[in-house]
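Each position in the sequence shown, counted from 1, maps to that position plus 912 in the working numbering.
All C-beta atoms in this analysis are idealised placements derived from N, C-alpha and C, irrespective of residue type, glycine included.
Following: one structure in structure tokens, then a few remarks.
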Amino acid sequence: MRIMKTKISKIFVSCLVGCAICATTGCSDFSDYNDAPVDQLAVGNQTLWQNIDQHPQLKGFAELLKRTGFDTELANTRAYTVWAPLDGTYDLNAYKALDDSTLLQQFIKGHIAQYGHVASGEVDERIHMLNEKSFAFKGNGNYTFGGVSVATPNQPSNNGMMHILNGAAPFLYNLYEYLLSNPQDTLLRNYFKKYEVTTLDTRNSVKGPVIDGLQTYIDSVMVTSNSLIGTVNARLSNEDSTYTFLLPNDKAYTDLYNKIKPYYNFINTTTVQDIAQFTKANDTKEKSVTVDANYLSDSLTCRAILRNLAFSNNNEYNKWMVNNGEFTDTMQSTTLTKFSNPREILSHTVEKRTMSNGFAHIMDTLAIYPWESYLPELRFSPMYWAYTAESSKRFNFSSRVINVNDPDGIVFGPDVTEFNYLWIYPTGEYVKPEIYIDLNGVMSATYKFYCVFLPSAKLSSDDRPNSLNFQLSYCGANGKPATYSFSKKFLDSGAAADENPKSVNINTAFNNDPLKTDTVYLGQFTFPVAYNGLGTNNDTYSPNLHISCPVSVFNKTQMATYTRDVRIAAILLKPVELVEFEENQK
913 MRIMKTKISK IFVSCLVGCA ICATTGCSDF SDYNDAPVDQ LAVGNQTLWQ
963 NIDQHPQLKG FAELLKRTGF DTELANTRAY TVWAPLDGTY DLNAYKALDD
1013 STLLQQFIKG HIAQYGHVAS GEVDERIHML NEKSFAFKGN GNYTFGGVSV
1063 ATPNQPSNNG MMHILNGAAP FLYNLYEYLL SNPQDTLLRN YFKKYEVTTL
1113 DTRNSVKGPV IDGLQTYIDS VMVTSNSLIG TVNARLSNED STYTFLLPND
1163 KAYTDLYNKI KPYYNFINTT TVQDIAQFTK ANDTKEKSVT VDANYLSDSL
1213 TCRAILRNLA FSNNNEYNKW MVNNGEFTDT MQSTTLTKFS NPREILSHTV
1263 EKRTMSNGFA HIMDTLAIYP WESYLPELRF SPMYWAYTAE SSKRFNFSSR
1313 VINVNDPDGI VFGPDVTEFN YLWIYPTGEY VKPEIYIDLN GVMSATYKFY
1363 CVFLPSAKLS SDDRPNSLNF QLSYCGANGK PATYSFSKKF LDSGAAADEN
1413 PKSVNINTAF NNDPLKTDTV YLGQFTFPVA YNGLGTNNDT YSPNLHISCP
1463 VSVFNKTQMA TYTRDVRIAA ILLKPVELVE FEENQK
């Protein structure tokens, strides 16, 4: 594709193109785009450019207009309003030092808007400028524009209106612009730039002739997109939005990167049990996935840093950060992640910068808790199960969907006060359950395992406890499947938490109190490789937990003591960092 000539170049972040177009076309109530409305503008005999060029105290502004070529635009019939800064009220040399493109975007177009805007009576407008920034134009008799006082309002021309300012209106980057122009801290900036792509918008560009079989364009519209915008779930280039953005300096970025990356310890080929294909207990079906381990680890680490840096100032949790609400002990990111230590996080602000769509906090530390961000607690309901029996008749176990009210959020946390789960029970005399639970989202971290049993009183008159074994299937650092058996026997004896018994039996099994919701500690395990990020939504790769009953159906004492019903509400995996924090808070 060949671009012969570019008359207009418009740069948007892709997700904002529609909004920007709507903002542009929705600015006017006038029927003719190019005609100055006579009911708002006094008729002048000269153009805006002539009036600016002939004004004795606008020489600097006129010089900059002429240098960028915008003098010719203000000399035609299109209607504009110009806010012109008086000589001596701003640093003219600083603007002269800018290149033409930057001067036009940051200064000239920041003082000019389409259509007529008159200062009369009480005014309280938000003016959308040619550089797509917005400024407050307000007052009643005395007026300000972008916080700068208006020296002389309402100077008419035959193609618009001019207001003379006691200074230059400040140019403010939006958050996206600042991210990509920040000259000091380069790591986050370079990460964003890697994903920025500029393409020709053929739908909104004006076609020229076809030359050598290639379509050319005489009026091109360029569109800049960045796929990372979706990761942060914030329209950082939208001038009509307002955010607080935690911008880590290179030190903070490097420190957090080094903390997160070990949790994304991938290997090139990971092999796991394929429990979705199991047809019997102790099946051996497996599946493997091959990745570029170093690339995936780096990519997911960077995204883990980015995804919780933006906070909407319109969110009730966050309004206090811009003095629009009362302080809450929680702040919530645009990806809906909640942080319970907002004051500690913001206390590491080195500098707070005002942007055109919010605020950037330059951070020398990102004091976010791992378990609230990149290393969360994992909670699993029994999603997959397999039944077996000495007679191999799998249908001898049945299940029912049970609705449970949990007003205190004991099982799945305070946000879940009601949930459904499967109660699995025998319908035959000699059957025992075999249940497999996929543990999706596991990191290469150390977790403490818990099993949440529901009381029998909620479900049946059977008040016997469970006796269950828990065996973990995972991928070793060598890429081969391995197993680990949790053991009540070793926990009771005070043995090492990671000691692996060779077999499980009635002595290694875990029991529960059947008269209450009982969270039973199983032990801890360190996963040598990560799984969070492998595969797709439809084809995941993860370790699994095999739950089995060691009760002998031929042992009358065991049968009388333990139930074969399975009333497991959840399996919990708590990072050891979270457990240690909770212990210190007691």
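DSSP-derived helix/strand/coil call for residue i
i	result
leucine 1490	helix
tyrosine 1169	helix
valine 1234	helix
cysteine 1214	helix
lysine 1199	strand
glycine 1270	strand
tyrosine 1088	helix
alanine 1205	helix
arginine 1265	strand
glycine 1022	helix
alanine 1482	strand
leucine 1221	coil
leucine 1077	strand
threonine 980	helix
serine 1245	coil
arginine 1255	helix
tyrosine 1103	helix
glutamate 1495	helix
lysine 1360	strand
phenylalanine 973	helix
valine 1441	coil
6 Å CB neighbourhood of residue i in its chain, flanking five on each side removed
i	result
tyrosine 945	Confidence is the limiting factor: at tyrosine 945 the pLDDT is only 37, short of 50, which leaves the residue's position unreliable and the question unanswerable from this model.
lysine 1498	none
tyrosine 1176	Ser1209, Leu1212, Thr1213 and Ala1442
Best match in the options for proximity to residue i [C-alpha to C-alpha]
i	options	result
serine 1211	Lys1428, Trp1232, Leu1140 and Phe1190	Leu1140
methionine 1041	Glu1151, Pro968 and Ile964	Glu1151
glutamine 1067	Asn963, Asn1170, Arg1101 and Leu1148	Asn963
isoleucine 1217	Val1203, Tyr1165 and Val1234	Tyr1165
aspartate 1477	Gly1325, Phe1292 and Leu1334	Leu1334
serine 1252	Pro1377, Phe1493, Leu970 and Asp983	Phe1493
leucine 1112	Gln1127, Arg990, Lys1105 and Thr1098	Gln1127
serine 1077	Leu998, Glu1044, Asp1318 and Arg1147	The residue asked about is misnamed: residue 1077 is leucine in this sequence, not serine. It is Leu998.
serine 1117	Met1134, Gly1447 and Thr1110	Met1134
isoleucine 1257	Leu1248, Arg1265, Met1243 and Gly1270	Met1243
glutamate 1044	Asp1276, Asp1036 and Gln1026	Gln1026
proline 1288	Val1488, Thr1339 and Tyr1055	Val1488
proline 1160	Thr1154, Thr1202, Val1201 and Tyr1090	Tyr1090
tyrosine 1359	Val1062, Ile1347, Gly1391 and Phe1398	Phe1398
serine 1293	Leu1099, Ile1179, Gln1470 and Tyr1348	Tyr1348
Buried or exposed by the 16-neighbour rule on C-beta atoms within 10 Å, applied to residue i
i	result
valine 1262	exposed
aspartate 1350	buried
isoleucine 1123	exposed
leucine 1015	buried
valine 1109	exposed
phenylalanine 1466	exposed
threonine 1156	buried
aspartate 983	buried
Terminal residues of the beta strand (DSSP E) in which residue i lies
i	result
glutamate 1035	What sits at residue 1035 in the sequence shown is valine, not glutamate. Run containing valine 1035: 1034-1040, per the beta strand (DSSP E) assignment.
tryptophan 995	992-997
aspartate 1350	1343-1350
tyrosine 1129	1126-1131
tryptophan 1013	Tryptophan is not the amino acid found at residue 1013; the sequence shown has serine there. From DSSP, serine 1013 is part of no beta strand (DSSP E) but of the alpha helix (DSSP H) over 1012-1015.
Bounding residues of the alpha helix (DSSP H) (the contiguous stretch that carries residue i)
i	result
leucine 1434	Note, leucine 1434: premise wrong, no alpha helix (DSSP H); beta strand (DSSP E) at 1430-1438.
alanine 1472	1468-1473
asparagine 1332	It is not in any alpha helix (DSSP H) - asparagine 1332 instead sits in the beta strand (DSSP E) that spans 1330-1338.
8 Å Cβ shell around residue i - same chain, five flanking residues per side excluded
i	result
aspartate 951	Note that aspartate 951 scores 40 on pLDDT, short of 50, meaning its location in the model is unreliable; the coordinates nonetheless yield the value given after this. Excluding sequence neighbours, aspartate 951 sits near nothing in its chain.
glutamate 1198	Thr1183, Val1184, Gln1185, Asp1186 and Pro1393
phenylalanine 1057	Trp995, Ile1039, Phe1047, Ala1048, Phe1049, His1075, Leu1077 and Ala1081
leucine 1092	Arg1101, Phe1104, Lys1105 and Glu1108
Contact set for residue i: own chain, Cβ-Cβ below 7 Å, skip 5 residues either direction
i	result
phenylalanine 1239	Trp1232
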